[in-house]
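Colleague: Let me give you the structure first, and then I'll get to my questions.
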Amino acid sequence: MLRLVSRTSRRPDGLRQRITGIYASLILTNLAAWAWAVLVFRDQSVLLGTALLAYGFGLGHAVDADHIAAIDNVTRKLMPEGKRPVGVGLFFAMGHSSVVILAAAGVAGTATALAGSFDRFKAVGRVVGTGGSALFLFAIAIANLIILSGVWRTYRYVRKGGRWVEADFDLLLNSRGVLARFFRPPALFAAGMSLIDTTDGILMLGAYQWAFIKPIRKLFYNLAITFVSVVVAVLIGGIEILGLMGDQFALKGAFWDSVEALNGNFTALGVAVIGVFIAAWVGSVIVYRYNKLDEIR
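According to this note's numbering, the sequence shown is numbered sequentially starting from 2.
Here is the structure:
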């Protein structure tokens, strides 16, 4: 990753300088948030502990599966357009943080009035929220299956000596772009989340930077990563639906206990998704070199 940044720093877009600037701003923001927290809560150890907890939640929330999927899809859409989107993770986190802050303000303002109705709202909200999230993940899987089919046909055609038309392939990849539009104390939570989301976006950029050097490499990597996206979306959506079924119908047993545990630990699932994407990147490089696909013209 560092070698990649070093190589691209000589390009006109100044990729290394942009990454350095983003991290400098993030570090300053994180330090400022902590300075504010220490200043305000210096005599209240419980609240200072709560601030640390909020920061930890922000770091953990940034590796949730929906963050990884959103940042990956947006990065993958922008790369064929000739862009080097180093700020995808940062802007995703900023938008998410804005919603969190507004929601926190809304909850604080209405908590007393709705105190007696929270249980009912929570039950309805769980069904609607989880169901909507799972259905959306299945929609992503179906859309990516369609893309995967097109990429596979193009890959076989090129491997058999067919003519590579990059504009047509980019058009195929950009058909996923509509998906990106559907993705989507607070200061410390936002600071921690922004730091991790930005790092995730830059790692995704590094992976696609390798993939876009040569046409056949671009084709092969997109074949692998689109397949992984389908599997991840179906897996996470399935876990959400099963968890909702188990909760609503009071299903018991070892299987349903495992499903409940998975639904209660989506941060760990997010970390696993990152591992899967890294494995897909490394595996693509190994298989690509083993099959000597660079020799295809």
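Cβ atoms here follow ideal geometry from the backbone N, Cα and C, with glycine treated the same way. Remember, predicted model here, so these are calculated numbers, not experimental data.
Using CA atoms only, rank isn't needed, just tell me which of 268, 72, 127 and 245 is closest to residue 230.
Modeller: 72
Colleague: Rounded to the nearest angstrom, how far is the Cβ of residue 141 from that of residue 234, given a contact under 8 Å?
Modeller: Residue 141 to residue 234, Cβ: 4 Å. Contact.
Colleague: For residue 59, which option in 79, 257, 98 and 78 has the closest C-alpha, if you only look at C-alpha atoms?
Modeller: 98
Colleague: Express the C-alpha separation of residue 25 and residue 18 in angstroms, rounding to a whole number.
Modeller: 10 Å
Colleague: Which same chain residues end up closer than 7 Å to residue 215 when comparing Cβ atoms and leaving out the 5 residues on each side of it in sequence?
Modeller: 295
Colleague: If I follow the unbroken alpha helix (DSSP H) through residue 243, where does it start and stop?
Modeller: Residues 216-249.
Colleague: Cα separation between residue 107 and residue 190?
Modeller: 17 Å
Colleague: Look up residue 17 in the DSSP assignment and say whether it is helix, strand or coil.
Modeller: helix
Colleague: Along the chain, where does the alpha helix (DSSP H) containing residue 284 start, and where does it finish?
Modeller: 267-291
Colleague: Measuring alpha carbon to alpha carbon, tell me which residue in 237, 259 and 45 is nearest residue 272.
Modeller: 237
Colleague: Just curious, the alpha helix (DSSP H) that residue 47 is in, first and last residue?
Modeller: Where residue 47 is concerned, the enclosing alpha helix (DSSP H) stretches over 46-62.
Colleague: For the structure I just gave you, are there three or more beta carbon pairs, one from the stretch 198-205 and one from the stretch 253-268, closer than 8 Å?
Modeller: no
Colleague: Just checking my contact of residue 245 with residue 132 at CB under 8 Å: how many whole Å lie between their CB atoms?
Modeller: 6 Å
Colleague: Report, in whole angstroms, the separation of the C-beta atoms of residue 227 and residue 148, which I expect to be a contact under 8 Å.
Modeller: With a Cβ gap of about 5 Å, residue 227 and residue 148 count as contacting.
Colleague: Checking 8 Å against the spacing of the C-beta atoms, do residue 151 and residue 56 come in under that value?
Modeller: no
Colleague: Report, in whole angstroms, the separation of the C-beta atoms of residue 42 and residue 34, which I expect to be a contact under 8 Å.
Modeller: About 12 Å; that fails the 8 Å criterion.
Colleague: Look at the Cβ atom of residue 21, then the Cβ atom of residue 206, and state whether they are nearer than 8 Å.
Modeller: Note that the C-beta distance between residue 21 and residue 206 is not below 8 Å.
Colleague: For residue 89, which residues in the same chain have their Cβ closer than 6 Å to its Cβ, ignoring the five residues on either side in sequence?
Modeller: 72, 75, 76 and 202
Colleague: Are residue 27 and residue 204 closer than 8 Å when you measure CB to CB?
Modeller: no
Colleague: Are the CB atoms of residue 23 and residue 275 nearer to each other than 8 Å?
Modeller: no
Colleague: Leaving out five residues before and five after residue 292 in sequence, what residues of the same chain have Cβ atoms less than 7 Å from its Cβ?
Modeller: Correct list: empty, nothing qualifies.
Colleague: Exposed or buried, what is residue 266 when buried is set at 16 or more other beta-carbons lying within 10 Å of its beta-carbon?
Modeller: exposed
Colleague: Quick check on residue 193: does DSSP put it in helix, strand or coil?
Modeller: helix
Colleague: Taking the alpha carbon of residue 54 as the point to measure from, which residue in 163, 153, 78 and 188 has its own alpha carbon closest?
Modeller: 188
Colleague: Cutting at 8 Å between CB atoms, please list the residues of its own chain near residue 260, excluding the five before and the five after it.
Modeller: 240, 243, 244 and 247
Colleague: For residue 164, does the three-state DSSP call read helix, strand or coil?
Modeller: coil
Colleague: Which word fits residue 85, buried or exposed, when buried means at least 16 other C-beta atoms lie within 10 angstroms of its C-beta?
Modeller: buried
Colleague: Compare the beta carbon distance of residue 221 and residue 289 with 8 Å and say whether it is the shorter of the two.
Modeller: yes
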